[in-house]
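Chemist:
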Amino acid sequence: MNPPPNEPISSPPPQRPDEEAHLDDAVIGRAFRWSVIGLIGIGVLAGAGIWYANRKPASKPSQLTRLTAPVAPQNAQADIPLAKFTDITAAAGITFVHNNGAYRDKLLPETMGGGVAFIDFDDDGAQDLLFINSTYWPEKIPAGKKPTTMALYHNDGKGHFADVTAGSGLDVSFYGMGVAIGDYDNDGLPDVFVTAVGGNHLFHNLGTGKFAEVTAEAGVGTTGEGSNDWSTGCAWIDYDNDGKLDLFVCNYVRWSKEIDHEAGYKIH
6 MNPPPNEPIS SPPPQRPDEE AHLDDAVIGR AFRWSVIGLI GIGVLAGAGI
56 WYANRKPASK PSQLTRLTAP VAPQNAQADI PLAKFTDITA AAGITFVHNN
106 GAYRDKLLPE TMGGGVAFID FDDDGAQDLL FINSTYWPEK IPAGKKPTTM
156 ALYHNDGKGH FADVTAGSGL DVSFYGMGVA IGDYDNDGLP DVFVTAVGGN
206 HLFHNLGTGK FAEVTAEAGV GTTGEGSNDW STGCAWIDYD NDGKLDLFVC
256 NYVRWSKEID HEAGYKIH
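Here my numbering is used: the first residue of the sequence shown is 6, the next is one more, and so on.
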């Protein structure tokens, strides 16, 4: 039913300020409660995630594992070639025999052999041979025998050697032990150092198939009666890398000797 004409329409009464404040407080309260609930929910979810990430996995039941020994693979074995050597010493012209000078007392140096070295002493491209020899002890040289020396063999390049010791400068008698070949003066020719009982020896290659002993001048050994040196192994080395060969010598012992009328020299 419509109101009669010209009759004023009534409007709701206006709200008072205290009622508006009450409504605002209610809205704020609800928002705060939902915020607290949201924060609590987020905290619960975060805690659950951390727990899940850091949880310890459930321990598995113990199991007995069977161990087996390793098996080496089967590799094909290569055939080892059969190496054969033929003694051609005599056919090559080498007749050298070492003399240890033994007579009766079984002196210690007599149990040691002499050294040997390949040396192209004449620079013809063919390797020659030098055998180090000992000799008879003083006053024990057998009748009709001469003191023995080193033996230098020249290689003709065809597998044959000739004894060229005589007149080479290496035909010197002493109780030799070891040998080292080296060009100590850088003249292109190999020189010879020999260790011995009673003093070492250095021989300079003169380049004409001849050698000269330069032991005293070089200061690398003692010579002469009464020496009590006994060297064995030796080697040329450039230990300081200055381009010059240095010398390393192994000394066995220092020895002394006495003479009696029956046994001759004794080494102690």
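Backbone N, C-alpha and C define an ideal beta-carbon position, used for all residues, glycine too. Note that this is a predicted model, so its numbers are computed, not measured.
Quick one: what does DSSP say phenylalanine 37 is sitting in, helix, strand or coil?
Modeler: Position 32 of the sequence shown, counted from the first residue, corresponds to residue 37. Reduced to three states, the DSSP call for phenylalanine 37 is helix.
Chemist: Might you give, ordered along the chain, the residues of its own chain that have their beta carbon closer than 8 angstroms to the beta carbon of asparagine 256, omitting 5 neighbours on each side?
Modeler: In the sequence shown, counting from the first residue as 1, residue 256 sits at position 251. The residues are Asp234, Trp235, Ser236, Thr237.
Chemist: From what residue to what residue does the alpha helix (DSSP H) around threonine 220 run?
Modeler: Position 215 of the sequence shown holds residue 220. Note, threonine 220: alpha helix (DSSP H), 220 to 223.
Chemist: Given a cut-off of 8 angstroms on the beta-carbon distance, is the pair methionine 182 and threonine 170 in contact?
Modeler: On the sequence shown, position 177 is the one that residue 182 refers to. On the sequence shown, position 165 is the one that residue 170 refers to. Cβ distance not < 8 angstroms, so methionine 182 and threonine 170 don't count as in contact.
Chemist: Between which two residues does the beta strand (DSSP E) carrying aspartate 110 extend?
Modeler: On the sequence shown, position 105 is the one that residue 110 refers to. Element bounds for aspartate 110: n/a, residue is neither H nor E.
Chemist: In this structure, what does DSSP give as the bridge partners for asparagine 256?
Modeler: Position 251 of the sequence shown, counted from the first residue, corresponds to residue 256. Bridge partners of asparagine 256: Ser236.
Chemist: In three-state DSSP terms, what is tryptophan 56?
Modeler: Counting from one through the sequence shown, the residue named residue 56 turns up at place 51. Looking at tryptophan 56 - three-state DSSP - the assignment turns out to be helix.
Chemist: Starting from histidine 206, trace the beta strand (DSSP E) both ways and give me its first and last residue.
Modeler: Along the sequence shown, read from residue 1 onward, the residue named residue 206 stands at position 201. From DSSP, the beta strand (DSSP E) with histidine 206 extends over 206 to 210.
Chemist: Does the Cβ-Cβ distance between histidine 209 and valine 199 come in under 8 angstroms?
Modeler: Here residue 209 is taken as the residue at index 204 of the sequence shown, counted from 1. Here residue 199 is taken as the residue at index 194 of the sequence shown, counted from 1. Cβ distance not < 8 angstroms, so histidine 209 and valine 199 don't count as in contact.
Chemist: Report back the beta-carbon spacing between valine 184 and valine 197 to the nearest angstrom; my notes put them in contact at under 8 angstroms.
Modeler: Within the sequence shown, numbered from 1, the residue matching residue 184 stands at position 179. Within the sequence shown, numbered from 1, the residue matching residue 197 stands at position 192. Yes, they are in contact, since the Cβ atoms of valine 184 and valine 197 sit about 7 angstroms apart, within 8 angstroms.
Chemist: Within the present structure, is the beta-carbon of asparagine 59 separated from the nearest heavy atom of the ligand FMN by less than 7 angstroms?
Modeler: Absent from the structure shown: the ligand FMN. Ligands present: none.
Chemist: Distance check for threonine 116 and glycine 130, CA to CA, integer angstroms please.
Modeler: Locating residue 130 in the sequence shown gives position 125, where the first residue counts as 1. Locating residue 116 in the sequence shown gives position 111, where the first residue counts as 1. C-alpha separation (whole angstroms): 35 angstroms.
Chemist: In three-state terms, what does DSSP make of threonine 200?
Modeler: Along the sequence shown, read from residue 1 onward, the residue named residue 200 stands at position 195. Strand, per DSSP.
Chemist: Provide the residue span of the beta strand (DSSP E) that contains histidine 159, from first to last.
Modeler: Position 154 of the sequence shown, counted from the first residue, corresponds to residue 159. Run containing histidine 159: 156 to 160, per the beta strand (DSSP E) assignment.
Chemist: Could you please give me the residues that DSSP links to isoleucine 124 through a beta bridge?
Modeler: In the sequence shown, the residue the question calls residue 124 occupies position 119. DSSP, once it has assigned bridges, lists Asp133 as partnering isoleucine 124.
Chemist: Return the chain-ordered list of same chain residues with a C-beta closer than 8 angstroms to the C-beta of proline 195, the five sequence neighbours on each side being excluded.
Modeler: Position 190 of the sequence shown, counted from the first residue, corresponds to residue 195. So the qualifying residues of the chain are Ile124, Asp125, Phe126, Ile186, Gly187, Asp188, Asn210.
Chemist: Once you ignore the five residues that flank glutamine 132 on each side, which residues in its own chain have a CB closer than 8 angstroms to its CB?
Modeler: Taking the first residue of the sequence shown as position 1, residue 132 is located at position 127. So the list reads Phe123, Ile124, Asp125, Asn160, once near-sequence residues are dropped.
Chemist: Going by alpha carbons, who is nearest to glycine 172 out of Asn105, Gly46, Glu218?
Modeler: Here the question's residue 172 lines up with position 167 in the sequence shown. Checking every option, the nearest Cα to that of glycine 172 belongs to Glu218.
Chemist: If you drop the 5 nearest sequence neighbours on each side, which residues of the same chain put their C-beta closer than 7 angstroms to that of phenylalanine 216?
Modeler: As a position in the sequence shown, residue 216 is number 211, starting the count at 1. Same-chain partners within the cutoff: Ser173, Gly174, Leu175, Val197, Phe208, His209, Asn210.
Chemist: Report the rounded CA-to-CA distance for valine 49 versus arginine 38, giving the unit in angstroms.
Modeler: As a first step, residue 49 is located in the sequence shown; it is residue number 44 there, counting from the start. As a first step, residue 38 is located in the sequence shown; it is residue number 33 there, counting from the start. If I take the Cα positions, the gap works out to 16 angstroms.
Chemist: Cα-Cα, which of Ile42, Thr220, Asp190 is closest to aspartate 247?
Modeler: Taking the first residue of the sequence shown as 1, we reach residue 247 at position 242. Ranking the options by Cα distance to aspartate 247, first place goes to Asp190.
Chemist: If you measure from the beta carbon of valine 184 to each beta carbon in chain C, is any gap under 8 angstroms?
Modeler: Of the protein chains in this structure there is only one, and it is not chain C.
Chemist: Out of curiosity, what's the CA-to-CA distance linking glycine 95 and lysine 89?
Modeler: On the sequence shown, position 90 is the one that residue 95 refers to. On the sequence shown, position 84 is the one that residue 89 refers to. It should be noted that the sequence gives alanine, not glycine, for residue 95. Taking the straight line joining both Cα atoms gives about 18 angstroms.
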